[in-house]
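So the structure is just underneath, and the comments pick up after that.
Numbering (my numbering), first residue to last: 59 to 336.
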């Protein structure tokens with residue numbers, strides 16, 4: 059019998075998200091990965107208790123960790139302490155580590171929606187009618203609010219981020235396995251952000267997305283670069299998802315899905331062969 063490495067596939071199959079079914083995607087992925095790996099699935103709240111029994115832990119559609127922050131922090135701490143292999147590796151610098159990266163990228167001059175977290179920095183934002191205010195620990199638009207400019211001075215700064223509300227043409231996402239581009243999807247209607255269609259990126263688009271993949275320095279894993287196209291035609295980063303990015307695999311062709319599975323399978327084999335990486 060051929061040896062197959064064992065993977066703990068962490069997913070919340072019951073998580074409800076508007077416009078997409080997380081469970082379908084993870085059932086599909088785990089069924090395809092089973093050709094090369096022994097697979098067992100568990101809820102994120104159970105991962106810490108059983109992760110030692112597997113060669114690696116694969117965190118997939120586990121839902122916003124703010125719903126179980128204490129347990130997620132304990133899982134991370136124990137994974138690092140035990141040398142558990144976690145995919146994506148826990149060294150991600152983007153959403154995996156919170157929203158500080160939006161501030162860091164703004165300060166470094168990257169093409170990102172300008173972001174501040176201090177009242178004293180309001181002059182760094184462009185003058186627009188409305189601003190987006192969201193918690194630093196937010197996810198899936200939880201806690202997001204639109205605030206007119208004249209009310210910015212009264213906000214309770216510290217645990218919030220403030221950005222200009224961008225008048226954009228559409229949103230577009232670029233999906234990567236390791237540092238290799240897989241496919242792109244876009245939402246032509248800004249008011250229906252989960253009605254996605256395949257998108258053919260230009261070289262300039264891929265150069266934009268690659269800047270953030272390179273910045274994050276993850277050797278292995280799945281990342282999604284979310285951007286918006288401004289009325290002037292520029293791309294601005296909305297989010298760099300490196301924790302548990304939803305992949306919208308139901309919106310791509312069978313050939314693209316097969317290629318993605320092949321890429322993820324090869325990535326996991328390389329990740330396991332590289333040894334402990336947390």
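Glycine is no exception: its CB is placed at the ideal position from the N, C-alpha and C atoms.
Keep in mind that this is a model prediction, so the values were computed, not measured.
Handout entry: Beta-ladder partner(s) of residue 287, from DSSP
Key = Residue 287 sits at position 229 when you count from the first residue of the chain shown. 228 and 293, per the DSSP bridge assignment.
Exercise for the section: Measure the C-alpha to C-alpha separation of residue 107 and residue 126 and round it to an integer number of angstroms. Expected result: Numbered from 1 along the chain shown, position 49 holds the residue referred to as residue 107. Numbered from 1 along the chain shown, position 68 holds the residue referred to as residue 126. Residue 126 has its alpha-carbon roughly 15 Å from the corresponding atom of residue 107.
Problem - Buried/exposed call for residue 102, threshold 16 Cβ in 10 Å - result: Locating residue 102 in the chain shown gives position 44, where the first residue counts as 1. Answer is buried; the Cβ neighbour count reaches 16.
Handout entry: Secondary structure of residue 313, DSSP reduced to three states
Key = Residue 313 sits at position 255 when you count from the first residue of the chain shown. Residue 313: helix per DSSP, three-state reduction.
Practice task
Take residue 236 and list the residues in its own chain whose beta-carbon comes closer than 6 Å to its own, dropping the five residues that flank it on each side.
Solution key: Here residue 236 is taken as the residue at index 178 of the chain shown, counted from 1. Excluding sequence neighbours, residue 236 sits near 278 and 325.
Handout entry: heavy atom of the ligand NAP below 8 Å from residue 68 C-beta
Key = What this structure holds is no ligand at all, so the ligand NAP is not there to describe.
Handout entry: Between the CA atoms of residue 79 and residue 252 - distance to the nearest angstrom
Key = Here residue 252 is taken as the residue at index 194 of the chain shown, counted from 1. Here residue 79 is taken as the residue at index 21 of the chain shown, counted from 1. Taking the Cα positions, residue 252 is about 11 Å away from residue 79.
Practice task
Closer than 7 Å by C-beta to residue 321: which residues in its own chain qualify, once you throw out the five before and the five after it? Chain order, please.
Solution key: Indexing the chain shown from 1 puts residue 321 at position 263. If we look at residue 321 and ignore the five residues flanking it on each side, its Cβ neighbours are 235, 238 and 240.
Problem - Alpha-carbon to alpha-carbon, residue 99 and residue 142 - result: Residue mapping note: residue 142 aligns to position 84 of the chain shown, counting from 1. Residue mapping note: residue 99 aligns to position 41 of the chain shown, counting from 1. Answer to the nearest angstrom: the Cα atoms are 17 Å apart.
Exercise for the section: State the beta-bridge partners of residue 192 as determined by DSSP. Expected result: Start at 1 with the first residue of the chain shown, and residue 192 comes out as number 134. 219, per the DSSP bridge assignment.
Exercise for the section: Note the first and the last residue of the continuous beta strand (DSSP E) segment covering residue 238. Expected result: Sequence index remark: in the chain shown, residue 238 carries index 180 (1-based). Segment 238 to 245, the beta strand (DSSP E) holding residue 238.
Practice task
May I have the straight-line CA-CA distance separating residue 195 from residue 218, to the nearest angstrom?
Solution key: If you number the chain shown from 1, residue 195 lands on position 137. If you number the chain shown from 1, residue 218 lands on position 160. Their Cα atoms are separated by approximately 8 Å.
Handout entry: Own chain partners of residue 164 with C-beta closer than 7 Å, once the 5 adjacent residues on each side are dropped
Key = The count along the chain shown starts at 1 and reaches residue 164 at position 106. Cβ neighbours of residue 164 beyond the five flanking positions: 170, 172 and 173.
Problem - Cβ-based burial, residue 328 [other Cβ within 10 Å; buried from 16] - result: The residue labelled residue 328 in the question sits at position 270 within the chain shown. Residue 328 comes out exposed.
Exercise for the section: Give the C-beta separation of residue 178 and residue 191 to the nearest angstrom, bearing in mind that I take them to be a contact with Cβ-Cβ under 8 Å. Expected result: The residue given as residue 178 occupies position 120 in the chain shown. The residue given as residue 191 occupies position 133 in the chain shown. Contact flag wrong, Cβ pair sits at about 16 Å.
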